[in-house]
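S.K.: Here it is: the structure, laid out below.
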Amino acid sequence: MMYQDYSGKPKPFLLGSYTKFCNFPLEETRLEYNLHIPTIHNIEWKIAVDTTKSEETNNLKFSVFPTNQTKDCFYSVEMDVAVIIENLESPEYSIKAQGSYEFSAAKRKLVIEIPGYDKIIDRNQGFFDDKKDEKTFKIRNNVVVKSTNLCDSVKMLDFYNSDDSLYDSEVNVWGHTMYLNKKLISLQSPTLAELVETNNISSSDLPSGIIFDNIHDFFQIIHGVDLKLNGTNIEAFLKLAEHLKVPRITEYCKEQMIVGVCGMTTNQIVDLAEKWSFWDVVPRKVAAAKCLADLKAQNWDVEKLDDDVITQITRRIFELN
Numbered sequence: 001m002m003y004q005d006y007s008g009k010p011k012p013f014l015l016g017s018y019t020k021f022c023n024f025p026l027e028e029t030r031l032e033y034n035l036h037i038p039t040i041h042n043i044e045w046k047i048a049v050d051t052t053k054s055e056e057t058n059n060l061k062f063s064v065f066p067t068n069q070t071k072d073c074f075y076s077v078e079m080d081v082a083v084i085i086e087n088l089e090s091p092e093y094s095i096k097a098q099g100s101y102e103f104s105a106a107k108r109k110l111v112i113e114i115p116g117y118d119k120i121i122d123r124n125q126g127f128f129d130d131k132k133d134e135k136t137f138k139i140r141n142n143v144v145v146k147s148t149n150l151c152d153s154v155k156m157l158d159f160y161n162s163d164d165s166l167y168d169s170e171v172n173v174w175g176h177t178m179y180l181n182k183k184l185i186s187l188q189s190p191t192l193a194e195l196v197e198t199n200n201i202s203s204s205d206l207p208s209g210i211i212f213d214n215i216h217d218f219f220q221i222i223h224g225v226d227l228k229l230n231g232t233n234i235e236a237f238l239k240l241a242e243h244l245k246v247p248r249i250t251e252y253c254k255e256q257m258i259v260g261v262c263g264m265t266t267n268q269i270v271d272l273a274e275k276w277s278f279w280d281v282v283p284r285k286v287a288a289a290k291c292l293a294d295l296k297a298q299n300w301d302v303e304k305l306d307d308d309v310i311t312q313i314t315r316r317i318f319e320l321n
């Protein structure tokens with residue numbers, strides 16, 4: 001699993017996979033990073049790198065855990081996790097560790113202890129660039145979901161295998177043969193339906209900065225799969241929705257901005273809304289707070305907001321009092 005490439009067509013179709021690269025500063029002892037697995041509906045994840053006791057144990061702790069779920073929200077999620085501490089000078093000396101785990105109501109965290117911390121922090125071992133002002137070592141994390149049994153689950157559609165009951169078109173999408181429902185697509189975007197009609201969609205047909213994963217997940221939502229967007233892909237979806245004239249996807253993005261986007265602060269959401277001239281996002285987000293506790297939970301950083309946003313928040317405070 002550690003050496004497989006999941007960026008192309010999955011063989012077989014995966015329930016979910018994710019790769020993340022992290023630069024961990026040597027002066028830090030613990031950092032958390034967001035982990036997005038769209039196929040696991042409504043569960044937000046984090047990975048953590050912990051060197052608090054590494055000098056004693058000579059181990060670095062790497063953990064994966066859900067962050068927003070109560071005990072009854074899911075039955076189980078089984079996944080393989082591989083971690084590589086990359087050696088910048090000689091990849092063959094990179095430190096590798098791997099674990100399989102089933103998350104459940106009783107088991108809430110996977111911890112992998114990676115040996116060799118003394119080598120990682122040794123300037124002569126090639127794990128960090130000693131000439132740079134900020135000295136960091138690079139971590140690559142691969143996650144592959146093996147099975148899910150969820151209380152609140154929406155699974156991705158398999159676009160890579162023909163199913164006459166679901167699909168009516170075979171399309172080459174960036175070199176990948178995908179099976180899509182042109183009738184369903186045409187109801188939402190005649191522009192995209194015309195592209196599907198040609199049986200070929202290349203990167204030149206789409207806005208710049210879009211990757212294959214974006215268009216794959218875009219097709220999932222068009223086909224009715226309720227994916228949770230995140231700070232990494234939401235702007236790509238907005239670009240695709242504008243370019244392909246899919247107003248339903250634009251509204252879908254706005255709705256997620258109102259409830260909160262994993263990996264984005266509230267202020268970042270406000271900045272994104274202003275960039276796209278979504279002037280209804282802030283009023284709808286403020287109005288979504290049904291009590292002062294809800295408003296506080298939205299985590300506004302008022303010192304960095306425009307006056308008009310602060311005015312809306314202040315007005316809502318008085319309404320809720």
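Residues in the sequence shown are numbered from 1 upward in steps of one, following the UniProt record's numbering.
We put the CB at the ideal spot given by N, CA and C, even for glycine.
1) Spell out the partners DSSP gives V83 in its beta bridges.
2) Quick check: M156 and V77, are their CB atoms within less than 7 Å of each other?
3) From P25 to Y117, what does the alpha carbon distance come to, in whole angstroms?
4) Which residue marks the beginning of the alpha helix (DSSP H) containing L272, and which one marks its end?
5) Within its chain, find whatever has a CB closer than 7 Å to the CB of Q125; leave out the 5 residues flanking it on each side and keep chain order.
6) Quick one: give me the first and last residue of the alpha helix (DSSP H) that T311 is part of.
7) Identify the residues that DSSP records as bridge partners of F218: which are they?
8) In angstroms, rounded to a whole number, what distance separates the CA positions of F128 and E89?
9) Taking contact to mean 3 or more Cβ pairs, one atom from each stretch, closer than 8 Å, check whether the stretch 258-266 and the stretch 229-236 are in contact.
10) Is N172 closer than 7 Å to N200 when the C-beta atoms are compared?
11) Which value, in whole angstroms, describes the spacing of the CA atoms of N161 and Y179?
12) In angstroms with no decimal places, state the Cα-to-Cα distance between R284 and I121.
13) Measure from the alpha carbon of T136 to the alpha carbon of each residue in R315, L31, T198 and E197, then state which is nearest.
14) So V111 and L35 are in contact, right, with Cβ under 8 Å, and what is the actual spacing, rounded?
15) Compute the beta-carbon to beta-carbon distance between Q188 and I222, rounded to the nearest angstrom, for a pair I have assumed lies under 8 Å.
16) Do you know whose CA, among S165, N59 and M79, lies nearest P115's CA?
17) Could you give the DSSP three-state label for V259: helix, strand or coil?
18) Look at F278 and K254 and say whether their C-beta atoms are less than 7 Å apart.
19) Can you give me the C-alpha to C-alpha distance between T105 and S17, rounded to a whole angstrom?
20) Which residue from E319, D271, H216 and K107 puts its Cα closest to that of S63?
21) Can you check whether the CB of F218 is closer than 7 Å to the CB of L238?
22) Given this structure, state the Cα-to-Cα distance separating T52 from E102, to the nearest angstrom.
23) Compute the Euclidean distance between the alpha carbons of M2 and I249, then round it to the nearest angstrom.
24) Mark A293 as exposed unless 16 or more other C-beta atoms lie within 10 angstroms of its C-beta, in which case mark it buried.
M.R.: Here's the rundown:
1) According to DSSP, V83 bridges with A97 and N141.
2) Their beta carbons are not under 7 Å apart, which means M156 does not touch V77 by this criterion.
3) Within the model, the alpha-carbon separation for P25 versus Y117 is close to 14 Å.
4) Looking at the DSSP string, the run of the alpha helix (DSSP H) that includes L272 is T266 to K275.
5) Excluding positions up to five away in sequence, the list reads K119.
6) T311 -> alpha helix (DSSP H) spans D307 to L320.
7) F218 pairs with nothing; no bridge assigned.
8) Take the alpha-carbon of F128 and the one of E89: they are about 9 Å apart.
9) Judged by Cβ distances under 8 Å, the stretch 258-266 makes contact with the stretch 229-236, as three or more pairs qualify.
10) The answer is yes: Cβ separation under 7 Å.
11) Their backbone Cα atoms lie some 7 Å apart in a straight line.
12) So the two alpha carbons sit approximately 49 Å from each other.
13) If we check each option's Cα against that of T136, L31 comes out closest.
14) 15 Å between Cβ atoms; not a contact.
15) Confirmed, Cβ separation roughly 6 Å.
16) With distances taken between Cα atoms, P115 lies closest to N59.
17) Assigned with DSSP and collapsed to three states, V259 falls in helix.
18) Yes; because the gap between Cβ atoms is below 7 Å, this pair is in contact.
19) In the sequence as displayed, the identity of residue 105 is Ala instead of Thr. The alpha-carbon separation between A105 and S17 amounts to approximately 22 Å.
20) Nearest option by C-alpha distance: K107.
21) For the 7 Å CB-CB criterion, L238 and F218 do not form a contact.
22) Distance between T52 and E102, taken at the CA atoms: about 26 Å.
23) Its pLDDT being 40, under 50, M2 is placed unreliably by the model, and the measurement read from it follows with that caveat. CA-to-CA, the gap between M2 and I249 works out to about 35 Å.
24) With fewer than 16 Cβ atoms within 10 Å of its Cβ, A293 is classed as exposed.
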